[in-house]
Amino acid sequence: MEVRAQAVADRAAGVSVAAGRAPAPGRWALALAVAASALVALRVDLPPYFDNEGRYAEVAREMVVLGDYATPHLDFALFLNKPPLLYWLTALVFHVIGPSEWARLVSVAAGAVTLLATCRLGALLYGEPAGLVAGLALATSAGFVLEARTLRPDMLLTAAVVVALWCWRRAIAADRRRGRWLAAMYVALGAGVLTKGLVPLVVFGIPVALVTLRDEGWRGFGRLRPGLGVAVLAAIVLPWHVLAAFRHPGFAWDYIVNQHLLFFLDRKLPRDSSGDPLGFFWAAYAARAIPWVLLVPLTLAEAVRGARRKAPGAPRATALVWAWAGGLLFFFSCAPSRLEHYSMPALPAAALLAARLWQRARTAELGPQAWRLLAATAALVVVAGAASRRRRSCRAWCRRRACSSWPPGSASRWWRPAAMRARSSPCSRRAALARPPSSSVPRWRSGRSSPGNRWPRRSPRRRRRRTSSSRRRRSIRSSAGSRTTLAAASRSSSRPASSLRPISRATPARCSCRARSSHAAGARAGRSRW
Numbered sequence: 053m054e055v056r057a058q059a060v061a062d063r064a065a066g067v068s069v070a071a072g073r074a075p076a077p078g079r080w081a082l083a084l085a086v087a088a089s090a091l092v093a094l095r096v097d098l099p100p101y102f103d104n105e106g107r108y109a110e111v112a113r114e115m116v117v118l119g120d121y122a123t124p125h126l127d128f129a130l131f132l133n134k135p136p137l138l139y140w141l142t143a144l145v146f147h148v149i150g151p152s153e154w155a156r157l158v159s160v161a162a163g164a165v166t167l168l169a170t171c172r173l174g175a176l177l178y179g180e181p182a183g184l185v186a187g188l189a190l191a192t193s194a195g196f197v198l199e200a201r202t203l204r205p206d207m208l209l210t211a212a213v214v215v216a217l218w219c220w221r222r223a224i225a226a227d228r229r230r231g232r233w234l235a236a237m238y239v240a241l242g243a244g245v246l247t248k249g250l251v252p253l254v255v256f257g258i259p260v261a262l263v264t265l266r267d268e269g270w271r272g273f274g275r276l277r278p279g280l281g282v283a284v285l286a287a288i289v290l291p292w293h294v295l296a297a298f299r300h301p302g303f304a305w306d307y308i309v310n311q312h313l314l315f316f317l318d319r320k321l322p323r324d325s326s327g328d329p330l331g332f333f334w335a336a337y338a339a340r341a342i343p344w345v346l347l348v349p350l351t352l353a354e355a356v357r358g359a360r361r362k363a364p365g366a367p368r369a370t371a372l373v374w375a376w377a378g379g380l381l382f383f384f385s386c387a388p389s390r391l392e393h394y395s396m397p398a399l400p401a402a403a404l405l406a407a408r409l410w411q412r413a414r415t416a417e418l419g420p421q422a423w424r425l426l427a428a429t430a431a432l433v434v435v436a437g438a439a440s441r442r443r444r445s446c447r448a449w450c451r452r453r454a455c456s457s458w459p460p461g462s463a464s465r466w467w468r469p470a471a472m473r474a475r476s477s478p479c480s481r482r483a484a485l486a487r488p489p490s491s492s493v494p495r496w497r498s499g500r501s502s503p504g505n506r507w508p509r510r511s512p513r514r515r516r517r518r519t520s521s522s523r524r525r526r527s528i529r530s531s532a533g534s535r536t537t538l539a540a541a542s543r544s545s546s547r548p549a550s551s552l553r554p555i556s557r558a559t560p561a562r563c564s565c566r567a568r569s570s571h572a573a574g575a576r577a578g579r580s581r582w
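For the sequence shown, the numbering used here assigns the number 53 to the initial residue and increments by one for each residue that follows.
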C-alpha cells in the first residue's frame, strides 16, 4: 500500500503526468519508435559489423531446409548452445522473403519494442516529456544503432528486460488489473529465457529485488505473485527444454551446468570463446552509450538520496535505474567469460538517466558545480581519445619506419631487428599480452600465413654456420660429381643481398604440413651433407 500511495502521490505532484492537457499516452512514443526503426533499417543489407551474426542466420536457414524447428543445427550438426527464439523469428523472415541479409529485421523490430518500452517506462518514472527524451537518447546512442542492425540475441534480450521492467512498474502503480500486468511481466521474462537462457532473470531480478527490499522488505516479494510467475514461465519455457532433453540425452547437464555455470566461470567445454578484459568491458559500455554517457555521473548523487525508503519519487526512480545498470555491470564484471556486448541490456538505463538530467536542467535544479563536473568529464574523454589516437599513430609510424626507411643496398638482416624493436614497443607488448594465445597458435599449426601485423615466432633451432656461395658450390660438386647442374645454386647466388619487403610479405608462405615436413627434412639433409 505504501508503494501504491507513493505512486499516486507522484502522479498527482506531476512526476509522472504533466499538468494540463496532454496527448494520448504512448502516441508520440509509438511515432518515435516507428521513425527510428525506419531509419535504422535503411540499407540493412550492407556487410555486417561483426563476424558472428552469420552463425545465427545459418541456424535459421537450416531449420527451414531440414524442417526441424525443435533442434537447432549449425553446419547440419547439433547446435544447442542457446534457446531457439531468435532462430524461430529469423526462420519466419526467411519463409516470407527468403534467406538474405534482411533477416536483420528481427533485430530492427526488437529495437522498436525496446524504444517504445523505454519511452513508457520513462513516462512512469519521470513524466511523459522525460520519457520521450529517454527514447530519443536511446535511438541516437551508438550501441543501439549498432546492435539494432546486427542479428544477435542481445537486442531481443534487451527488449524483454525493458518490457518486463515496464510491466512491473505498471503493476505497482495500478489500482486494478494488477494481475494482468504481472502476467505480462512474466511473459516478457519467458521470452527472454527463450532468447538467452537464465540471463534475463538475473538482469531483471537484481534491481527488482533491491527496490522491493527497500520499499516493503521481504513481504514485498509475495506481492509479485510468485505462483503466477512459476505457472507462466513453465508454460512458455518448459515445452522446448523438455523436448530437447528427451530427444538428446545429456542436454540437461550441458545446458544448465556447462552453458550457464561453467561458462560464467570461463570453464566451459569446449572452450569456444575467451572473455574480454574488465577495463575493455566497461569502456565498451561507455562507448555504446556515447554521447549520453557523459550525463550519467551527474545523477549519482540523486540516486544515493533515493536509496532511502522515505525519499521522494524522482530520486527513488533514479536509484532504481542505477540499480538496473550497476547490477548488470557488476554481475558481468564478476564473470571471467564476459564479452563486451553483454552490457547491452543496461543501455536503456543510461538513456533514462540522461533524460532525468535533462529534466533537472529544465527545472533549474542543477547548480554550477554539476555543469563544471560535466565539462571536466567531457574534457577527460577528449584527452583520452586524443591520447589513444596518438598511441595508434605512433605505433603505425614505428612500423612504417622499420619497414621502409632503410636506404637501398642495406643488408636484409638489418631491418629485421628494427622491425622487432618496433613490435616490442610498450603499446605493442600490451596488445600482444592482451591477445589470447588461442587466436594465433591454430593459424600456425594449420599452415596458414600469419596476419600482416604479427611477426612470426622463429622456432628454436641450432644456429647454422654461414658459408659463402663458392664454398657451397664446391661442397655440392664434391658430393654429387663434377657434371651436376648448378642452376639452382647460381640462381640463389645471383639474388641481391638486400630486401625491402614489408613485414606483411615476410611471413612464411602457405603450404601443407607434408610439404613443410619434406622441406625441413631436405634442409637437414643438405646441412649434414655440407
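Heads up, the beta-carbon is just placed ideally off N, CA and C, and yes, glycines get one too. Owing to the predicted nature of the structure, the values given are computational and were not obtained by experimental measurement.
Where does the unbroken alpha helix (DSSP H) through residue i begin, and where does it stop?
i, result
"Y337", "L330 to R340"
"A81", "R79 to V92"
"C219", "P205 to A225"
"I149", "L137 to I149"
"W410", "L399 to R414"
"T370", "G365 to S385"
"E180", "E180 to A191"
"A194", "A194 to A200"
Assign residue i to one of three DSSP states: helix, strand, or coil.
i, result
"H125", "strand"
"R360", "coil"
"G578", "Because the pLDDT at G578 is just 41, under 50, the model does not fix this residue reliably, and the point stays unresolved."
"F102", "coil"
"A541", "Any answer about A541 is weak, because its pLDDT of 40 lies below 50 and its placement is not dependable; what the coordinates show is given next. It is helical."
"P301", "coil"
"K248", "helix"
"A65", "With a pLDDT of only 42 at A65, under the threshold of 50, the placement of this residue in the model should not be trusted, and no figure is reported."
"G327", "coil"
"L391", "coil"
"R510", "With a pLDDT of 47 at R510, under the threshold of 50, the modelled position of that residue is not reliable, and no figure is offered here."
"T166", "helix"
"L173", "helix"
"V160", "helix"
"V260", "helix"
"E268", "coil"
"V96", "coil"
"P349", "helix"
"M237", "helix"
"G15", "Beyond the ends of the chain as shown, which are 53 and 582, falls residue 15; an answer cannot be given."
"G242", "helix"
Given this structure, state the Cα-to-Cα distance separating residue i from residue j, to the nearest angstrom.
i, j, result
"G141", "V158", "Strictly speaking, residue 141 in this sequence is Leu, with Gly absent from that position. Between L141 and V158, the C-alpha separation is close to 7 Å."
"R275", "I224", "9 Å"
"A226", "L217", "14 Å"
"G242", "F315", "21 Å"
"A161", "S89", "7 Å"
"R107", "A186", "33 Å"
"L246", "V239", "11 Å"
"A93", "T192", "14 Å"
"T370", "P181", "16 Å"
"D406", "P400", "The sequence shown places Ala at residue 406, rather than the Asp named in the question. Cα to Cα, the separation comes out at about 10 Å."
"A402", "Y178", "14 Å"
"A336", "E392", "6 Å"
"M396", "L253", "15 Å"
"D328", "Y139", "26 Å"
"P367", "T170", "18 Å"
"A398", "H147", "33 Å"
"Q411", "L280", "37 Å"
"Q311", "R414", "47 Å"
"V116", "V215", "30 Å"
"A143", "R323", "28 Å"
"P291", "S326", "32 Å"
Pull up the DSSP beta-bridge partners for residue i, would you.
i, result
"L130", "H125"
Do residue i and the ligand ADP come close, with the Cβ less than 6 Å from some heavy atom?
i, result
"V92", "Because no ligand of any kind appears in the structure shown, any question about the ligand ADP cannot be addressed here."
Taking CB distances under 7 Å as the criterion, tell me whether residue i reaches chain D.
i, result
"S325", "Here chain D cannot be found, since the structure has a single protein chain."
- Message: Which runs of the beta strand (DSSP E) at least 3 residues long sit entirely within the region 272-321? Give them in chain order.
- Response: none
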